[in-house]
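J.: Under the working numbering, the first residue of the sequence shown carries the number 123, and numbering increases by one thereafter.
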Amino acid sequence: TLLSKGHKEPLEKGRLTIGVEHVDGSKFLTGLASERDILTTQIHNGEGWVDLPLTSDSLAIFPSQKITKEFGFAPTLHRILMEKKAPNGGGTKRNITLSLSIVD
123 TLLSKGHKEP LEKGRLTIGV EHVDGSKFLT GLASERDILT TQIHNGEGWV
173 DLPLTSDSLA IFPSQKITKE FGFAPTLHRI LMEKKAPNGG GTKRNITLSL
223 SIVD
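#1: Determine the extent of the beta strand (DSSP E) in which T163 is found, giving its start and end residues.
#2: Please report the straight-line C-alpha distance between E205 and N217, rounded to a whole angstrom.
#3: How about A182 and T162: are their beta carbons less than 9 Å apart?
#4: Just reading off the beta strand (DSSP E) that F184 is part of, what are its end residues?
#5: Hey, T152 and T219: beta-carbon distance below 9 Å or not?
#6: Is the stretch 134-143 in contact with the stretch 188-195, if contact means three or more CB pairs nearer than 8 Å?
#7: What does the alpha-carbon distance come out to for the pair T177 and H200?
#8: When you compare only the Cα positions, how much space is there between S221 and L154?
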C-alpha cells in the first residue's frame, strides 16, 4: 500500500480514521460492495473527501496503483472512517464489506 501525505484535511466531528489514507498498490482495480452503519469509505476527488455510497446490491469500482503503469489512469486515494457512536434506533448492522480486486 502506498501512503499519501498531501490531503490531511480535518475529519468530520464524531468520526475516527481507520488506518491511513492510501491507494491500493498491488491491484489494477478495487471493487467494494457493503452494508455498513458505522464504517464509511471515502475517496479523494482532487478537491476534498467524498463518501462512497456503498450498498450490498451495487459495486463501487475505482482504479488502483497498477493501472497507472499499464493504462495511465490515476489511482484513487481513499480512507476508511468509523463513527464514534453507534446510530440510534435498535442496534447496528454487521458492517460487512466484500472487496473484489483485479490483480496481476
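Where a beta carbon is used, it is the ideal one built from N, C-alpha and C, also for glycine.
T.: Walking through what the data contain:
#1: Its beta strand (DSSP E) spans residues 161-166.
#2: So the two alpha carbons sit approximately 12 Å from each other.
#3: For the 9 Å CB-CB criterion, A182 and T162 do not form a contact.
#4: Note, F184: beta strand (DSSP E), 182-185.
#5: Not closer than 9 Å, so no.
#6: Counting Cβ pairs under 8 Å, fewer than three are found: no touch.
#7: Using only the alpha carbons, I get a separation of about 17 Å.
#8: CA-to-CA, the gap between S221 and L154 works out to about 5 Å.
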